[in-house]
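Have a look at the structure below before the remarks.
Residue numbers (this note's numbering): 485 to 677.
Pasting the structure below:
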């Protein structure tokens, strides 16, 4: 995830070699400041000081678990609304590569709001094209999250009716917490059929 703050004048995203990192702060001058690691949130509900959210599917028990990892291939973020004493609003186009039980490529559009304290709230839609447990097709994830204290916490769910091919009937959801690192875990509790 790429996050920027007005007060600290830095943003969080991968820049550099092809193995760009998620959540690597970049100063306004484009210089990398540090990198982050990833840790799974354990599937539990995620709570923050300014919002509380959990599994977007309401906590249904899914029969299968797909464990995957992803890397950020590209991150293009631009502000679309900002001003003095206003939260900064940005839009980011991100491309990811997935390996593991979910294999393929993801394209996500994030909308983000940055607060003066460095925290952010984000929403996104991500189309994933590839395989889930050997079944080919595509699906769309709805993502909702927050960034604070160096960690991006999010919940995500497969949007009903978005599946194609062998993934046409895919339903699923999950949560994660991303910190420092170049490769990040993604776990999807899911059902097919």
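We put the beta carbon where it would ideally sit given N, CA and C, even for glycine.
Model, not experiment: these values are computed from the prediction.
Out of curiosity, what's the CA-to-CA distance linking residue i and residue j?
i	j	result
residue 591	residue 611	5 Å
residue 628	residue 639	6 Å
residue 605	residue 630	4 Å
residue 632	residue 598	10 Å
residue 645	residue 656	12 Å
residue 667	residue 635	14 Å
residue 566	residue 576	15 Å
residue 609	residue 556	15 Å
residue 500	residue 554	Per-residue confidence for residue 500 stands at a pLDDT of 32, beneath the threshold of 50, marking its modelled position as unreliable; the derived number appears in the next sentence. Residue 500 and residue 554: Cα-Cα distance of roughly 17 Å.
For residue i, which option in the options has the closest C-alpha, if you only look at C-alpha atoms?
i	options	result
residue 568	656, 560, 600	600
residue 669	585, 564, 565, 558	585
residue 652	637, 598, 624	624
residue 545	665, 663, 564, 658	658
residue 587	550, 648, 664, 647	550
Using the beta-carbon count (16 or more within 10 Å), is residue i buried or exposed?
i	result
residue 560	exposed
residue 573	exposed
residue 580	buried
residue 562	exposed
residue 654	buried
residue 618	exposed
residue 677	exposed
Assuming contact is defined by CB atoms lying nearer than 9 Å, are residue i and residue j in contact in what I supplied?
i	j	result
residue 650	residue 547	no
residue 578	residue 589	no
residue 607	residue 626	yes
residue 642	residue 672	yes
residue 583	residue 622	no
Leaving out the 5 sequence neighbours to the left and right, which residues in its chain are closer than 7 Å to residue i when beta-carbon positions are compared?
i	result
residue 571	597, 598, 599
residue 564	573, 574, 575
With a threshold of 6 Å on Cβ separation, who are the neighbours of residue i within its own chain once the five nearest residues in sequence on each side are excluded?
i	result
residue 558	579
residue 534	Unreliable positioning characterises residue 534 in this predicted model, as indicated by a pLDDT of 32, which lies under 50. A coordinate reading is not provided.
Quick one: what's got a C-beta closer than 8 Å to residue i's C-beta in the same chain, skipping five residues either side?
i	result
residue 647	621, 622, 623, 653, 654
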